[in-house]
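**Q**
Residue numbers (our numbering), protein chains in the order written: chain A, 1 to 501; chain B, 502 to 741.
(1) I believe residue 711 of chain B touches residue 606 of chain B by the beta-carbon criterion, under 8 angstroms. Please report the beta-carbon distance rounded to the nearest angstrom.
(2) From residue 553 of chain B to residue 144 of chain A, what does the alpha carbon distance come to, in whole angstroms?
(3) Going by DSSP in three states, residue 565 of chain B sits in which element: helix, strand or coil?
(4) Which whole-angstrom value describes the C-beta separation of residue 356 of chain A and residue 336 of chain A, a residue pair presumed to lie in contact below a C-beta threshold of 8 angstroms?
(5) Can you tell me whether residue 200 of chain A is buried or exposed? The criterion is at least 16 other CB atoms within 10 Å of its CB, across all chains shown.
(6) At a Cβ threshold of 8 angstroms, is residue 540 of chain B touching chain A?
(7) Could you work out which residue in A:500, A:478, A:449, A:459 is closest to residue 198 of chain A when comparing CA atoms only?
(8) Hey, out of B:613, B:514, B:719, B:706, whose CA is closest to residue 693 of chain B's CA?
(9) Counting C-beta neighbours from all protein chains within 10 Å, is the total for residue 263 of chain A 16 or more, i.e. buried, or is it exposed?
(10) Between residue 602 of chain B and residue 699 of chain B, what straight-line distance do the alpha-carbon atoms span, to the nearest angstrom?
(11) Note down the Cα distance separating residue 209 of chain A from residue 187 of chain A, rounded to an integer number of angstroms.
(12) For residue 676 of chain B and residue 658 of chain B, what's the separation of their Cα atoms in angstroms?
(13) Please state if the CB of residue 686 of chain B and the CB of residue 728 of chain B are separated by a distance shorter than 8 angstroms.
(14) Cβ of residue 321 of chain A within 7 angstroms of any heavy atom in the ligand SAH?
(15) What are the boundary residues of the alpha helix (DSSP H) that residue 693 of chain B is part of?
(16) For the beta strand (DSSP E) that residue 401 of chain A lies in, which residues bound it at each end?
(17) Could you round the C-beta distance between residue 644 of chain B and residue 617 of chain B to whole angstroms and report it? I think they count as a contact, below 8 angstroms.
(18) Would you say residue 740 of chain B faces chain A, with C-beta separation under 8 angstroms as the test?
(19) Just to confirm my understanding: we take residue 545 of chain B, look at its own chain, exclude 5 residues before and 5 after, and list those with CB closer than 6 angstroms. What are they?
(20) Just to confirm the assignment, what range does the beta strand (DSSP E) spanning residue 647 of chain B have?
(21) Can residue 469 of chain A and residue 127 of chain A be called in contact, C-beta distance under 8 angstroms?
(22) Going by beta-carbon coordinates alone, are residue 223 of chain A and residue 202 of chain A separated by less than 8 angstroms?
(23) Decide if residue 466 of chain A is buried, meaning its Cβ has at least 16 other Cβ atoms within 10 Å, or exposed.
(24) Measure the CB-CB distance between residue 20 of chain A and residue 391 of chain A and report whether it falls below 8 angstroms.
(25) Is any beta-carbon of chain B found at less than 8 angstroms from that of residue 1 of chain A?
(26) Give the straight-line distance between the Cα atoms of residue 412 of chain A and residue 385 of chain A, rounded to the nearest whole angstrom.
(27) How would you list, in chain order, the residues of chain A whose beta-carbon sits under 7 angstroms from the beta-carbon of residue 682 of chain B?
(28) Tell me whether residue 351 of chain A sits in a helix, a strand or coil according to DSSP, three-state version.
(29) For residue 276 of chain A, go through chain B and note every residue whose CB falls closer than 9 angstroms to its CB, in chain order.
(30) Identify which residue in B:509, B:505, B:575, B:704 has its Cα closest to the Cα of residue 518 of chain B.
(31) Look up residue 410 of chain A in the DSSP assignment and say whether it is helix, strand or coil.
(32) With a threshold of 8 angstroms between beta-carbons, can residue 327 of chain A be considered close to chain B, or not?
(33) Who are the Cβ neighbours of residue 74 of chain A in its own chain at under 8 angstroms, not counting the five residues just before and after it?
(34) Could you tell me whether the Cβ atoms of residue 347 of chain A and residue 383 of chain A are closer together than 8 angstroms?
(35) Would you check if the distance between the CB atom of residue 59 of chain A and the CB atom of residue 110 of chain A is smaller than 8 angstroms?
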């Protein structure tokens, strides 16, 4: 018995008068919290195993359950929080690196919440989206820098390959392996129906999902899992993963225990072998090297697909983005420090990287100053939580947003942040067949479509309120934003005025 | 056989010409053009000159023969096919290759066979005739790397840190490797007759390609290197 066993994070509160001992909670909990005690005829719980995923609460037919923050607390200490102390216990017990999942949960500033959007009053009247056509379609890819003509004088209308999105939101990279088959099926179907894209992540593309290829972004990461000719040809775009907001500067290890069956086939590695994505690409040490990977992919796909380079938002992001724009990439995806993950070392997730709002503003400004903004589209993620976050991102200079946490929430995720255990009771971050089947792709894809359609309508309303009728007219239009409660420096980096100015 | 003069031709145009040819193709005067035959299948390509980086990246079944040296990242993420180099080769040869074979007559640079894989019937083979630089087979996850040490000079047969992070596959080095320091998570031991019999076909192919005698090559001590675990990071994490 270690000292860390004394305190459970959560408390299972069961209303005995309501409980009918139907044992649904027991069958639903992959963490084995609930059990039936035959002698007393009562349901019992081992709350030390509870992760507060709310599955039992949601499925209890008599609403007999509540999961509470454990009232049994250690003595309060503003410096040594209970979480910090428990982390020390875990490491003293194991000698191991702390592993967490989903985005940084700490109370660091969320700049989206300090930015306010303009609206028209009296002059320049607002536009009613119910009455007027509003354009939410965007195209991602390199734009021409000048008008060019053919020899006969006619306009040269041949453009670099573009992704067409019905609204400026895409589902960002989540690999098959980190999430389930049914979660991928939901994303693929929803992206196709919505006219947007989902992203395979670095785990390859399951054979069943090649038919959604026209709405799939395929990823090439340092481990090169599942990367082969058919895979490169299947997607609408190829994303080179250099970094991820939740774990900038490090790679990923999908443990061998998760490399089973289809996951092994899709990654094209043997069952039971760790899937190691090393921190660097072994062949990329410079922008010139990145250019080499960009062009090898362009050659292999015959220049038919845009190449995306995804990086984490880090301190020198503006200079990095400038280099990427010059590497021949068509789209830069930047992932902020709040981005989610299926597993990341806690210390990295919580302490490395910078907010996406500041990174985006810095990159857009830098690329404009250097006159190369049109060479690339900018996609930002980590974390975009709502239609208003999308609108603010576009006004700060993004072409589109990536969402993943919002998408898995739509699929039923309750943000319990224990994806790394592989025991997701909602059938999302798991490969256990009995758990995966809890997520019905028919329902999942419908919920994703609902969410995006709702956002689309909200985007239109926000645009209309500003008297703007297209996303294109909002991009980089920072006059539509004002800051509240920010320092001069923060406003300067964001390139926006304070409210009242 | 179709002949293409690559003199002063941009890699994009060169690949376009290659794409429009079938069967046997000969490239003359190649001088540093990158990405030659990236993603190609079903062709025999003979290269005279020095091809640039990422030769045969994502190769999917073509055969490439280089009559000269090759540069970096040859056979990057290769899936199937054969690359034969009658000279030396640069860094990161066969990065993450999953299938197919690469035969190099001369020496290889740093990080040869890095993160090689294997999957189902796919079993990549990288055979280096000479010596290799540091980080041979780093993160190796599958497949076979053979280094024969047919070179002149006093340098060791492989550079520093061979097999760092190795968690699958096998390396065979034609040396007792007494002076080579291997990392803690691999086992290096003298190859048995069975070990050599298993790879004999690859060495025969090497000899056939470059004019060596199989028995002479096999008549020397070999060291076989294998990882101790396919899950090297199992104990590294605790759930938080």
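Think of the CB as a built atom: it goes at the ideal place given N, C-alpha and C, for glycine as much as any other residue. Everything numeric in this text was worked out from a predicted model, so none of it was measured.
**A** Walking through what the data contain:
(1) The residue you call residue 711 of chain B lines up with position 210 of the second chain. The residue you call residue 606 of chain B lines up with position 105 of the second chain. Residue 606 of chain B and residue 711 of chain B do touch by the CB rule: their CB atoms are close to 5 angstroms apart, below 8 angstroms.
(2) Within the second chain, the letter at position 52 stands for residue 553 of chain B. Within the first chain, the letter at position 144 stands for residue 144 of chain A. Those two C-alpha atoms are separated by around 29 angstroms.
(3) Position 64 of the second chain, counted from the start, is the residue given in the question as residue 565 of chain B. Correct three-state label for residue 565 of chain B: strand.
(4) The residue you call residue 356 of chain A lines up with position 356 of the first chain. The residue you call residue 336 of chain A lines up with position 336 of the first chain. Indeed they touch by this definition, with Cβ atoms about 3 angstroms apart.
(5) On the first chain, residue 200 of chain A is found 200 positions in, with the first residue counted as 1. Buried, by the Cβ-count rule.
(6) On the second chain, residue 540 of chain B is found 39 positions in, with the first residue counted as 1. For residue 540 of chain B, the answer is yes, since a Cβ of chain A falls inside 8 angstroms of its Cβ.
(7) Indexing the first chain from 1 puts residue 198 of chain A at position 198. If we check each option's Cα against that of residue 198 of chain A, A:449 comes out closest.
(8) Here residue 693 of chain B is taken as the residue at index 192 of the second chain, counted from 1. Closest by alpha carbon: B:719.
(9) Counted from its first residue, the first chain places residue 263 of chain A at position 263. Buried: at least 16 other Cβ atoms inside 10 Å.
(10) The count along the second chain starts at 1 and reaches residue 602 of chain B at position 101. The count along the second chain starts at 1 and reaches residue 699 of chain B at position 198. Distance between the alpha carbons of residue 602 of chain B and residue 699 of chain B: 16 angstroms.
(11) Taking the first residue of the first chain as 1, we reach residue 209 of chain A at position 209. Taking the first residue of the first chain as 1, we reach residue 187 of chain A at position 187. Roughly 10 angstroms separates the two Cα atoms.
(12) To locate residue 676 of chain B, count along the second chain from 1; it is residue 175. To locate residue 658 of chain B, count along the second chain from 1; it is residue 157. Each residue's alpha carbon lies about 7 angstroms from the other.
(13) Here residue 728 of chain B refers to the residue found at position 227 of the second chain. Here residue 686 of chain B refers to the residue found at position 185 of the second chain. Cβ distance < 8 angstroms, so residue 728 of chain B and residue 686 of chain B count as in contact.
(14) In the structure on display, the ligand SAH does not appear, and there are no ligands present to speak of.
(15) Residue mapping note: residue 693 of chain B aligns to position 192 of the second chain, counting from 1. Where residue 693 of chain B is concerned, there is no enclosing alpha helix (DSSP H), given that its DSSP letter is neither H nor E.
(16) The count along the first chain starts at 1 and reaches residue 401 of chain A at position 401. Element bounds for residue 401 of chain A: 400 to 403.
(17) Position 143 of the second chain, counting from 1, holds the residue named residue 644 of chain B. Position 116 of the second chain, counting from 1, holds the residue named residue 617 of chain B. About 4 angstroms; that satisfies the 8 angstroms criterion.
(18) As a working mapping, residue 740 of chain B is identified with position 239 in the second chain. Yes, residue 740 of chain B counts as interfacial toward chain A.
(19) Taking the second chain and counting its residues from 1, one reaches residue 545 of chain B at position 44. Closer than 6 angstroms at the Cβ level, and outside the excluded window around residue 545 of chain B, lie 525, 564.
(20) Numbered from its first residue, the second chain carries residue 647 of chain B at position 146. Looking at the DSSP string, the run of the beta strand (DSSP E) that includes residue 647 of chain B is 642 to 648.
(21) Numbered from 1 along the first chain, position 469 holds the residue referred to as residue 469 of chain A. Numbered from 1 along the first chain, position 127 holds the residue referred to as residue 127 of chain A. Cβ distance < 8 angstroms, so residue 469 of chain A and residue 127 of chain A count as in contact.
(22) Taking the first residue of the first chain as position 1, residue 223 of chain A is located at position 223. Taking the first residue of the first chain as position 1, residue 202 of chain A is located at position 202. Their beta carbons are under 8 angstroms apart, which means residue 223 of chain A touches residue 202 of chain A by this criterion.
(23) On the first chain, residue 466 of chain A is found 466 positions in, with the first residue counted as 1. The residue in question, residue 466 of chain A, is buried, as its Cβ has 16 or more Cβ neighbours within 10 Å.
(24) Taking the first chain and counting its residues from 1, one reaches residue 20 of chain A at position 20. Taking the first chain and counting its residues from 1, one reaches residue 391 of chain A at position 391. No, these two residues do not count as a Cβ contact at 8 angstroms.
(25) Taking the first residue of the first chain as 1, we reach residue 1 of chain A at position 1. At residue 1 of chain A, the pLDDT of 46 sits below 50, so the modelled position is not reliable and the matter cannot be decided from this model.
(26) Locating residue 412 of chain A in the first chain gives position 412, where the first residue counts as 1. Locating residue 385 of chain A in the first chain gives position 385, where the first residue counts as 1. In a straight line, the C-alpha of residue 412 of chain A is about 15 angstroms away from that of residue 385 of chain A.
(27) Numbered from 1 along the second chain, position 181 holds the residue referred to as residue 682 of chain B. Chain A residues near residue 682 of chain B: none, gap ~21 angstroms exceeds 7 angstroms.
(28) Within the first chain, the letter at position 351 stands for residue 351 of chain A. Residue 351 of chain A: helix per DSSP, three-state reduction.
(29) For the purposes of this step, residue 276 of chain A is taken as the residue at position 276 of the first chain. Here the neighbours are 616, 640, 642, 666, 668, 733, 734.
(30) For the purposes of this step, residue 518 of chain B is taken as residue 17 along the second chain, with counting starting at 1. For residue 518 of chain B, the nearest C-alpha among the options comes from B:505.
(31) Position 410 of the first chain holds residue 410 of chain A. Of the three classes helix, strand and coil, the one that applies to residue 410 of chain A here is helix, per DSSP.
(32) Indexing the first chain from 1 puts residue 327 of chain A at position 327. No, because no Cβ of chain B sits closer than 8 angstroms to the Cβ of residue 327 of chain A.
(33) Translated into the one-based positions of the first chain, residue 74 of chain A becomes position 74. If we look at residue 74 of chain A and ignore the five residues flanking it on each side, its Cβ neighbours are 7, 82, 85.
(34) Along the first chain, one-based indexing puts residue 347 of chain A at 347. Along the first chain, one-based indexing puts residue 383 of chain A at 383. For the 8 angstroms CB-CB criterion, residue 347 of chain A and residue 383 of chain A do not form a contact.
(35) The residue labelled residue 59 of chain A in the question sits at position 59 within the first chain. The residue labelled residue 110 of chain A in the question sits at position 110 within the first chain. The answer is no: Cβ separation not under 8 angstroms.
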